[in-house]
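First residue of the sequence shown: 12, per the working numbering; consecutive thereafter.
Step one of this worksheet: look at the structure below.
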Amino acid sequence: MIRDIKRALMLTLTSPIKPGSIHRFMPEIEFEERIIEAIEVFDIIDESHKRGRELALGNIDLGSLGLGHLISTAYKKSFEIINERPIPGIAAAAIVLSSIDGYSEALKQNVINNIGSFLSKLLYKGKPNDTVEFIESLEDLGLSNYISLLEKANINKNYIEYEGRTLGDIFEVLSKIDAGFMINIKDYSNLLKLSKLITNSKNAIHASIKSYIYIGKDLYKINDFSDLDINDPNLLNKLSSKDKVLKRNREDLNSILGGVLITLYLALNYENPLRLF
12 MIRDIKRALM LTLTSPIKPG SIHRFMPEIE FEERIIEAIE VFDIIDESHK RGRELALGNI
72 DLGSLGLGHL ISTAYKKSFE IINERPIPGI AAAAIVLSSI DGYSEALKQN VINNIGSFLS
132 KLLYKGKPND TVEFIESLED LGLSNYISLL EKANINKNYI EYEGRTLGDI FEVLSKIDAG
192 FMINIKDYSN LLKLSKLITN SKNAIHASIK SYIYIGKDLY KINDFSDLDI NDPNLLNKLS
252 SKDKVLKRNR EDLNSILGGV LITLYLALNY ENPLRLF
C-alpha cells in the first residue's frame, strides 16, 4: 500500500540512532528540514502511485509514466522549501516504489513476488527525454560526484537516445554511491534479502537501525561501521558515540537512507509483515 511507502519514509528519517545520518535525537535543525522535505515529496508519491495504476489499467502508456520528471520535480520542490540539497536516493526510491505499488495494486499482483518484472517494465522502458531530465536535475543540484560517476560509465545526456540508456541504467550506476538507487534490476535482490532478515525485528524502528548498519557495513564496506554488531547489548551506546564522530560525513551517510526505505517497504509487504510497533 502507498501508506507503507510514506510510513517507511518517515520511519527511515526519524528512527534513532543512525550514526552520522538523520535521526530524531540530532541537535541540528537538519532533522526538521528533512521532515519538511519528506512532506513535500508526499504529493509526488501520490501522483506516481496514480500513474502506476493508470499504466496497469491501460489508461496511459509507458511514455506518460515520467518517473524521471517526477523525481526531478521532487528535487526542485524540496530545494525550494528548505533551501538545501535534497537527499537524492531517498526521494527517487520513494517515487519508484510508489509507481510499482500502484501498478501492482491495479493488477492485484503481489509486489514481493513480482518486483523484478515490475522494475523491468517501469524503470527500463521510459522515454529518453525523461532520463535526460533526471540527469539534468542532478546537475542543477550540483551533485558533481553523481555526474562524475555517470561520466566514468560513459553515460552522457547528449547520447542517451543514441545509446538506448534508460532510467534503470542510470540507477545501476548511481547505486554504487547511493543505496536509494538500488531499486533496479541489478541490485534490488540485495535489499530483498535484507528485508527478509528484518521481518522478525522487534518493530520497524529497530528494523530501520538494523538496515542502516547492514547496508553501511556489508554492502558499502564503510570502515567506521566495521565494529558495529546489531546483536551487541551495548549497541545504543556505540551508536551514540559514533554519531558524534561521524556527523562530519553526513552527506555521504545520508546516501544509505534510500536503501533503508526500500528495505522497510518490502518488509511491510510480506505475508507476515514487519511489525510497526
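All residues carry an ideal CB built from backbone N, CA and C; glycine is no exception.
The Cβ-Cβ distance between Leu76 and Val52 does not fall below 9 Å.
Taking a cut-off of 8 Å for Cβ pairs, the stretch 114 to 129 and the stretch 172 to 187 do not touch, as fewer than three such pairs fall below it.
According to the DSSP assignment, Glu44 belongs to the alpha helix (DSSP H) that extends over Glu41 to Ala67. Taking the CA atoms as reference points, Ser89 sits about 31 Å from Leu68. Secondary structure in the stretch 78 to 148: the alpha helix (DSSP H) runs of 4 residues or longer, each lying completely within the stretch, are 78 to 93, 99 to 118 and 122 to 134 in chain order. Your pair Ile40 and Ser109 does not check out as a contact, with CB atoms roughly 28 Å apart and the cut at 8 Å. For Arg35 and Lys213, the gap between their C-alpha atoms comes out near 19 Å.
For Leu73 and Ile106, the gap between their C-alpha atoms comes out near 15 Å. Our two residues, Pro30 and Leu239, have alpha carbons roughly 11 Å apart in a direct line. No Cβ-Cβ contact shorter than 9 Å links Leu277 with Ile101. Rounded to the nearest angstrom, the Cβ distance from Ile166 to Val184 is 6 Å, consistent with a contact under 8 Å. Inter-residue distance for Phe129 and Asn121 is about 10 Å (C-alpha atoms, whole angstroms).
For Glu174, the enclosing alpha helix (DSSP H) begins and ends at Ile171 to Glu174.
With distances taken between CA atoms, Tyr86 lies nearest to Asp151 out of Asp235, Arg259 and Asp151.
Residue range Arg261 to Asn265 is occupied by the alpha helix (DSSP H) that includes Asn265.
Rounded to the nearest angstrom, the Cβ distance from Gly269 to Gly191 is 2 Å, consistent with a contact under 8 Å.
If you draw a straight line from the Cα of Pro284 to the Cα of Phe42, it comes to about 28 Å. Residue state for Ser186 is assigned as coil, using DSSP reduced to three classes. Just so you know, the alpha carbons of Arg261 and Leu149 end up roughly 19 Å apart.
Distance from the CA of Arg259 to the CA of Lys253, rounded to the nearest whole angstrom, comes to 11 Å. Listed in chain order, the alpha helix (DSSP H) runs fully inside the stretch 186 to 237 are 199 to 209 and 215 to 225, counting runs of at least 4 residues. From the listed residues Leu275, Ala103 and Val256, the smallest Cα separation to Asn211 is found for Leu275.
When the alpha-carbon of Ile46 is set against those of Ile98, Phe288 and Ile82, the nearest one is in Ile98.
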